[in-house]
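The structure appears below as structure tokens.
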Amino acid sequence: KEKHKILHQLLQNSTS
Amino acid sequence: SPTVSMAELDHLAHIISKSHLETCQHLREELQQMNWQNLLQDEVESYQSKPREVMWQLCAVKITEAIQYVVEFAKRIDGFMDLCQNDQIVLLKAGSLEVVFIRMCRVFDSQNNTVYFDGKFAGPDAFKALGCDDLITSVFDFAKSMCLLHLTEEELALFSAFVLFSADRSWLQEKLQVEKMQQRTHLALQHILQKNQREDGVLNKLRCKVSALRSLCNRHTEKLSAFRAIYPDVIRTHFPPLYKELFG
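From first to last, the protein sequence lines are chains R and C.
Heads up: the first sequence runs through residues 20 to 35, numbered per the working numbering.
Heads up: the second sequence runs through residues 12 to 259, numbered per the working numbering.
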């Protein structure tokens with residue numbers, strides 16, 4: 020998770 | 012497949028097409044209205060005379076922007092968000108740049124061999140400073156060959172999803188589920204191509220594109236490694252964090 024922090028965040032964010 | 016009805020394939024095609032249209036960096040109407048203006052000679056020269064690392068950084072920024080739209084595309088496909096997060100990350104790490112290359116044909120001018128870049132249409136010569144002419148030529152050739160297929164937005168969307176749901180990526184945890192999604196996407200693509208009365212050869216041509224895409228992405232990785240060997244600090248301090256996460 021740490022290694023892919025941003026990708027993880029982008030996936031978590033609700034679709035805009 | 013006897014387990015998937017035509018109605019289900021239409022529905023899947025609709026969802027994927029909708030996701031694609033909602034997450035295209037440039038809307039179709041925008042493209043139609045766009046003045047497809049080529050770079051002027053002095054603008055080409057200005058890109059060519061940029062230091063190598065500056066041009067690399069600019070391209071990394073542009074690629075990263077395009078990838079963010081691809082992530083959004085994936086998120087809007089129900090089947091994608093049903094996968095475990097490990098597999099979502101694996102598929103995006105391996106496939107997002109491939110989808111960017113597919114999408115490139117939407118902003119590609121075959122006649123002039125130019126692509127929309129940084130506000131205008133640029134030919135391969137504008138990317139000389141990167142120091143990877145062979146890769147750039149291949150990327151342009153790929154875009155040209157995609158344009159020759161004259162895919163509709165729906166067909167493009169389904170092909171993008173098919174590539175994204177590649178079940179043969181390393182490190183997948185729920186390979187079967189990805190495989191199922193890929194098969195369904197393939198059937199939907201086949202169904203739509205038939206519906207659009209495209210000749211049988213188109214699907215075969217698209218299957219060939221899959222290996223071409225892998226080759227382009229592998230070569231991008233090789234070029235990045237070579238660049239990193241010379242400019243490790245530039246990547247560390249100036250490249251977009253998402254780009255580093257995906258290709259680091």
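All residues carry an ideal CB built from backbone N, CA and C; glycine is no exception.
Can you give me the start and stop residues for the beta strand (DSSP E) that K131 (chain C) sits inside?
-> From DSSP, the beta strand (DSSP E) with K131 (chain C) extends over K131 to A133.
W67 (chain C) burial status per 10 Å Cβ neighbour count (16 or more: buried) | buried
So, does the CB of L20 (chain C) fall closer than 8 Å to a CB anywhere in chain R?
-> no
For D120 (chain C), does the three-state DSSP call read helix, strand or coil?
-> strand
The alpha helix (DSSP H) spanning F173 (chain C) covers which residue range?
-> E164 to L175
With 8 Å as the threshold, decide whether the Cβ of E256 (chain C) is near any Cβ in chain D.
-> Absence of chain D from the displayed structure is noted, the protein chains being R and C.
Which listed residue (C:W182, C:E166 and C:L183) has its alpha carbon closest to that of Q8 (chain C) | Any answer about residue 8 (chain C) is impossible in this case: the structure gives chain C only from 12 up to 259.
Using a Cβ-Cβ distance under 8 Å, would P252 (chain C) count as near chain R?
-> yes
Below-8 Å beta-carbon distance, K86 (chain C) vs any chain R residue = yes
Sort C:L50, C:A154 and C:S181 by Cα distance to L103 (chain C) and report the nearest one.
-> C:S181
Just the Cα atoms here: how many angstroms apart are V118 (chain C) and W47 (chain C)?
-> Roughly 9 Å separates the two Cα atoms.
Cβ atoms of Q184 (chain C) and N97 (chain C): under 8 Å apart, would you say?
-> In this structure, N97 (chain C) lies near Q184 (chain C), with their beta-carbon atoms less than 8 Å apart.
Contact list for V15 (chain C) against chain R, beta-carbon separation under 7 Å | Here the premise fails: no neighbours, minimum Cβ distance about 26 Å.
Since T125 (chain C) is in the beta strand (DSSP E), which residue starts that stretch and which ends it?
-> T125 to F128
Top-ranked residue by Cα proximity to L160 (chain C), from C:S121, C:S222 and C:N229 = C:S121
Are the beta-carbon atoms belonging to N49 (chain C) and F151 (chain C) less than 8 Å from one another?
-> no
Report all residues from its chain with a CB closer than 7 Å to the CB of K216 (chain C); omit the five preceding and five following residues, and keep chain order.
-> Sequence-distant Cβ neighbours of K216 (chain C) in its own chain, meaning closer than 7 Å and more than five residues away, are L160.
Counting only beta-carbon atoms, is Q59 (chain C) nearer than 8 Å to chain R?
-> Not closer than 8 Å to any Cβ of chain R, the Cβ of Q59 (chain C) fails to qualify, so no.
Just reading off the alpha helix (DSSP H) that K186 (chain C) is part of, what are its end residues?
-> K186 (chain C): member of the alpha helix (DSSP H) spanning K186 to K206, first to last residue.
Residue closest to T163 (chain C), alpha-carbon to alpha-carbon, out of C:K29, C:A18 and C:Q99 = C:K29
Taking 8 Å as the threshold, find out whether the region 108–115 of chain C comes into contact with the region 78–88 of chain C through three or more Cβ pairs.
-> yes
Within 8 Å (strictly less), CB to CB, does L100 (chain C) reach chain R?
-> One detail in the question is off: residue 100 (chain C) reads as Ile in this sequence, not Leu. It does; some Cβ of chain R falls within 8 Å.
Under 7 Å by beta carbon: chain R residues contacting V111 (chain C) = Those within 7 Å of V111 (chain C) in chain R number zero; the least Cβ separation is about 15 Å.
Quick one: using the 10 Å Cβ neighbour count with 16 as the cut-off for buried, is T232 (chain C) buried or exposed?
-> exposed
Opposite N49 (chain C) in the DSSP bridges: which residues?
-> C:F132
Please check if any C-beta of chain R sits within less than 8 Å of the C-beta of L183 (chain C).
-> Taking a beta-carbon distance threshold of 8 Å, L183 (chain C) does not count as an interface residue toward chain R.
For the alpha helix (DSSP H) containing V213 (chain C), list its first residue and its last residue.
-> G212 to I241
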